[in-house]
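Numbering (my numbering), first residue to last: 8 to 788. Single-structure report; data block below.
Spelled out as structure tokens, the structure:
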């Protein structure tokens, strides 16, 4: 074989045995980092003739082209780094060629070659490092350890860490604190060890400034101990963090010369500041963010704990301590006139109160007033308002209406409406909801605000139901209960849809938005109220439609009509077993005129016991069933009578005569019944006047036109709202756009001037050249 140079690399087998160890060292050191490239041996190597091992078919000699041409030529001198770079380039070219022809077998062979070479390099390198480590360990008592990742740690002769404890004092507190702050967030940092060190520093802190500094670092470190978004914070650590936030507030209350600001530039000096009398020393931090995170971790723990165990009840007891921290934060922000932080904390406080009855709110307020130190008073909530829960909610909401942002005002309004509806103040809640126009723009809000809006609408509907306003209750509940996604819209669980595949991230976000169990609205009670309202409205409507197919198309509640049709198609109907069966049986009995049977089935539903004043609600439902039974009877059998006695109707449905007269008069006024009252004979005279075909079509046309106009008005309002938002955004960007236009105009003018000057110069040069040629021609002639 002719004398040729062969490049030994990690990608190809073969090469000199004597050069193997040196080349492997060069390759491994060059692949670690660019800082170690200076350690690569740049001394030349003389490649000698030798028997080569079998090589890959993709190997290419980078130092010679042909054996015959190399004979007689002088041997080349190349460094190990050059050989390695050439080998990498050849390997990349081989992979590109294989990719072009879509042949991946060569790539697999190259990968196998690389793995074999890597195994040999690691083996030889390990032997060398082990040998070097043994030599160093026998000569010195200080060495590097793999666990410290490049930090010097004193070790004993046996190789273990030194048992000398690290002392923490107030003198080296700032130094240790800076080290912890620099190590925070880095890889392989022991978070638990950092927390323990900060707790020790808090114990040795001697001045208020030192304690504030340590607490500002300790509280976020405890929050960051569990970085997972799905898992919740340890309960014991949460309680410790809550106490430390209270400790921080206490220090700031007793030392008003220190203030914590969220937005400020700060130089962290390793010394105690010198503060003159009347001067305020600012420290960078955010107490409101710590309170928000504490509240979020509490909510997350309630989301993950089984609500049917005692652990959930025990965890829920900590809400009083959390509420105490929120109130103390509110008073501190009020005192220092931090309006933005005050609004956020007031919103947090409101979210812990709005869904609770007045008795519970009063108990919580009395307990909290005993917890926080004496002398702390709030300007927003006076002692008189704290004694009345409704006044307390009103005071918190009014502050947010005046000082809060747009989102906070919207949420405060929804919480206020929810609280009024919860305490059966329907007309107040309805008027606030209509005057705020929240339903027009709620679809543009964030998901959390939309969930709060859905909860408010449901609570308003339940309030109307408790007050006996069946039509208003059905109208409020229809928007939520008619979709079939009640659980999802109220954030009380994920409803798995058929053939739906949510992304994993979206599913995680949905789970994080779920409300704790104690804030849930009973879905079975909600469905029972909705179906009962639908029954009382749908059955008379179906009786009024009669055999007219066009009139039967007018559906008030599609879910109720669907359930009723399914129940009627059943060949055999057994005794009612659940709430739906009771309501469907009551609906069939009401349609047949058996109002007493309907009352029995509705009263037998046990879910009514969850409502306050259950007996009053059952009496209201019995009265409504009697009234709707009368209406259904008149719709169904009016064509078979000429006159009906009012006293007879009152006896049939166990109603007072005045109530029967009022119901029939209302039906005549609303043109639902073609009849007249004969007060002399105390009868109702029924007229058999059926509308003609033209009149029926005219009525249908009027109804469709009314629905069409309503849909157009909603579309117009939506477009106007969207256009207004776009105009607001354009106004905000108006100055920027105007400035940009001025700059563009100036640029265009400059460019046009340059182009004009260049054209003039070009024309001048062209004219000079033409004149010169003309004069030359004259001279020649």
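A virtual CB, placed ideally from N, CA and C, is assigned to each residue, including glycine. Nothing here was measured: the structure is a model prediction, and the numbers come from that model.
Bridge partners - residue i, DSSP secondary structure assignment
| i | result |
| --- | --- |
| residue 268 | 291 |
| residue 682 | 693 |
| residue 651 | 691 |
Euclidean distance between Cα positions of residue i and residue j
| i | j | result |
| --- | --- | --- |
| residue 566 | residue 377 | 51 Å |
| residue 583 | residue 199 | 58 Å |
| residue 543 | residue 636 | 9 Å |
| residue 394 | residue 219 | 35 Å |
| residue 659 | residue 603 | 11 Å |
| residue 643 | residue 302 | 59 Å |
| residue 579 | residue 641 | 30 Å |
| residue 370 | residue 320 | 17 Å |
| residue 105 | residue 194 | 39 Å |
| residue 510 | residue 203 | 39 Å |
| residue 633 | residue 526 | 35 Å |
| residue 179 | residue 279 | 12 Å |
| residue 408 | residue 231 | 34 Å |
| residue 412 | residue 530 | 33 Å |
| residue 229 | residue 397 | 37 Å |
| residue 624 | residue 473 | 6 Å |
| residue 298 | residue 613 | 42 Å |
| residue 388 | residue 343 | 16 Å |
| residue 654 | residue 662 | 9 Å |
| residue 406 | residue 350 | 8 Å |
Local Cβ density within 10 Å of residue i, reported as buried at 16 or more and exposed below that
| i | result |
| --- | --- |
| residue 802 | The structure shown does not extend to residue 802, since the chain is modelled only from 8 to 788, so the question has no answer here. |
| residue 277 | exposed |
| residue 263 | exposed |
| residue 284 | exposed |
| residue 339 | buried |
| residue 90 | buried |
| residue 120 | buried |
| residue 318 | exposed |
| residue 700 | exposed |
| residue 595 | buried |
| residue 715 | exposed |
| residue 615 | buried |
| residue 485 | buried |
| residue 335 | buried |
| residue 110 | exposed |
| residue 364 | exposed |
| residue 348 | buried |
| residue 287 | exposed |
| residue 611 | exposed |
| residue 304 | buried |
| residue 689 | exposed |
| residue 478 | exposed |
| residue 112 | exposed |
| residue 390 | exposed |
| residue 606 | buried |
| residue 593 | buried |
Test: residue i CB closer than 8 Å to a CB of chain C
| i | result |
| --- | --- |
| residue 278 | This model lacks chain C altogether, as it is built from one protein chain only. |
> Is the stretch 465-484 touching the stretch 420-439 in the sense that three or more CB pairs, one from each, lie closer than 8 Å?
Replying inline: yes
>> Assess contact between the stretch 716-729 and the stretch 675-693, defined as three or more Cβ pairs (one per stretch) separated by less than 8 Å. Is contact present?
In response: no
> Going along the chain, which unbroken runs of the alpha helix (DSSP H) with 4 or more residues stay wholly within the stretch 215-271?
Replying inline: With a minimum length of 4 residues, the unbroken runs of alpha helix (DSSP H) contained wholly in the stretch 215-271 fall at 215-230, 242-261.
> Which parts of the stretch 409-459 are runs of the alpha helix (DSSP H), unbroken and 4 residues or longer, counting only runs that do not cross its ends?
Replying inline: 413-429, 433-443, 445-448
>> So within the stretch 178-215, which uninterrupted alpha helix (DSSP H) runs reach at least 4 residues, ignoring any that extend past its ends?
In response: 180-190, 198-211
>> Restricting to runs no shorter than 4 residues, where is the alpha helix (DSSP H) found entirely within the stretch 567-650?
In response: 586-598, 602-610, 621-644
> Is the stretch 207-215 close to the stretch 173-192, with three or more CB pairs under 8 Å?
Replying inline: yes
> If we count Cβ pairs, one from each stretch, closer than 8 Å, do we get three or more for the stretch 519-534 versus the stretch 308-315?
Replying inline: Yes, since at least three Cβ pairs between the stretch 519-534 and the stretch 308-315 fall closer than 8 Å, the two stretches touch.
> Is the stretch 662-678 touching the stretch 698-712, taking contact as three or more C-beta pairs under 8 Å?
Replying inline: Flag = no, the stretch 662-678 and the stretch 698-712 do not touch.
> Which whole runs of the alpha helix (DSSP H) in the stretch 474-556 are 4 residues long or more, in chain order?
Replying inline: Fully contained in the stretch 474-556 are the following alpha helix (DSSP H) runs of length 4 or more, in chain order: 477-488, 493-496, 511-519, 530-552.
> Along the chain, which unbroken stretches of the alpha helix (DSSP H) at least 4 residues long are found entirely within the stretch 324-405?
Replying inline: Segments of the alpha helix (DSSP H) lying fully in the stretch 324-405: 326-342, 346-358, 365-378, 390-394.
>> Counting beta carbon pairs with one atom in the stretch 230-242 and one in the stretch 254-269, are three or more of them shorter than 8 Å?
In response: These segments do not touch.
>> Quick check: the stretch 377-391 against the stretch 436-456, are at least 3 beta-carbon pairs closer than 8 Å?
In response: no
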